[in-house]
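Residue numbers (this note's numbering): 10 to 286.
Have a look at the structure below before the remarks.
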Amino acid sequence: MKKILFPTDFSEAATNAFVHALEFAKVVNAELILLHTFEIPVYDSQFFPENYAAIYSSIELAKFDLFKDEIPKLRAIAAERNLNEIVIKHRLMDGDLLYNLKNAVKEDQIDFVIMGTNGVSDWTTFFLGSNTSSVISGVEVPVLCVPIDAKFKKIKVIGFTTRYREKDKKELRKVLKIAKKTDAKVRSLYVKTSASDVSQQTIKEWEVEFADENVEFLVLPSDDVKETILDFILFKDIDVLTTITHKRSFFEGFFSSGFAKKITKEVSIPVLVMHDN
Numbered sequence: 010m011k012k013i014l015f016p017t018d019f020s021e022a023a024t025n026a027f028v029h030a031l032e033f034a035k036v037v038n039a040e041l042i043l044l045h046t047f048e049i050p051v052y053d054s055q056f057f058p059e060n061y062a063a064i065y066s067s068i069e070l071a072k073f074d075l076f077k078d079e080i081p082k083l084r085a086i087a088a089e090r091n092l093n094e095i096v097i098k099h100r101l102m103d104g105d106l107l108y109n110l111k112n113a114v115k116e117d118q119i120d121f122v123i124m125g126t127n128g129v130s131d132w133t134t135f136f137l138g139s140n141t142s143s144v145i146s147g148v149e150v151p152v153l154c155v156p157i158d159a160k161f162k163k164i165k166v167i168g169f170t171t172r173y174r175e176k177d178k179k180e181l182r183k184v185l186k187i188a189k190k191t192d193a194k195v196r197s198l199y200v201k202t203s204a205s206d207v208s209q210q211t212i213k214e215w216e217v218e219f220a221d222e223n224v225e226f227l228v229l230p231s232d233d234v235k236e237t238i239l240d241f242i243l244f245k246d247i248d249v250l251t252t253i254t255h256k257r258s259f260f261e262g263f264f265s266s267g268f269a270k271k272i273t274k275e276v277s278i279p280v281l282v283m284h285d286n
């Protein structure tokens, strides 16, 4: 059984993403591990010589009580969606989010991370916000980022951006495997710029290799990559966009502020970030 790590701060964005996590767990036959982290403020013990330990204990207890109170609410969401069979486990950890998340990914042998984001009106905030971008660049497993406005709906079409690199095939096969389980179609996009070095022969080889799969290969000539991807999402009815990267610079370039604001006015979909390691 696969494992999904779901970091949550019990915010509205996290609760919305939890629905996506539940449904995704059903599709890939996975259990959910809920991770809630908190950082204890640093106090100078010389100013609290008598109740120094009590301060920390009270903070830990308050966080535990919050965790204990919120878990039944999440289980109620699962029950409402008839997903009681999804195994849900819990981790309450103090310390830095990324540090604990990376440890949890390693210790629990996590296959996916799913997290919500408050990037309501700006995908720059979505991808470059401290938590989201740190998680994406800090772990080696696929990360599904769910904007707060992206309400769950049945996935019918998965978008996949590629540069026709040999190592992209491995990630495409992973996406196709997920698509089969939800009866979804995969639409693969390559934006062919004037500087493109991808040959027509390479494109044809991919089409032949994946001829038996439910995937459509689109090659769109344009030097405006961002606008072309936006049109791809809008006019090809993309429900989830999959992209491959291992560098933060991808987000800084791809989701620049002007493009970010424009795209969120028209679409709000989950993005699955995969690593080409």
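For glycine and all other residues, C-beta sits at the position ideal for the given N, C-alpha and C.
Note that the structure is a prediction, hence the values are computed from the model and not measured.
Counting only runs of 3+ residues fully inside the stretch 184-230, write out the beta strand (DSSP E) ranges in chain order.
-> 194-201, 224-230
Specify the secondary structure class of V122 as computed by DSSP and reduced to three states.
-> strand
Closest to D120 by CA distance: which of F47, K183, L239, V224 is it?
-> K183
What's the C-alpha gap between T17 and A88?
-> 19 Å
Ordered along the chain, which non-local residues of its own chain (more than five positions away) have a Cβ less than 6 Å from that of D232?
-> T202, S203
Around the Cβ of R196, are there at least 16 other Cβ atoms within 10 angstroms (buried) or fewer (exposed)?
-> buried
Could you check what DSSP says for E236 in three-state terms: helix, strand or coil?
-> helix
Thinking L43 and R100 are a contact (beta carbons under 8 Å), I'd like their distance in whole angstroms, please.
-> 7 Å
Measure the alpha-carbon distance for V249 versus G104 and round it to whole angstroms.
-> 32 Å
Straight-line Cα distance separating Q210 from F259 = Because the pLDDT of F259 is 49, which lies under 50, any placement of that residue in the model is unreliable, and the number read from its coordinates should be weighed accordingly. About 27 Å.
Rounded C-alpha distance that separates F19 from K111 | 20 Å
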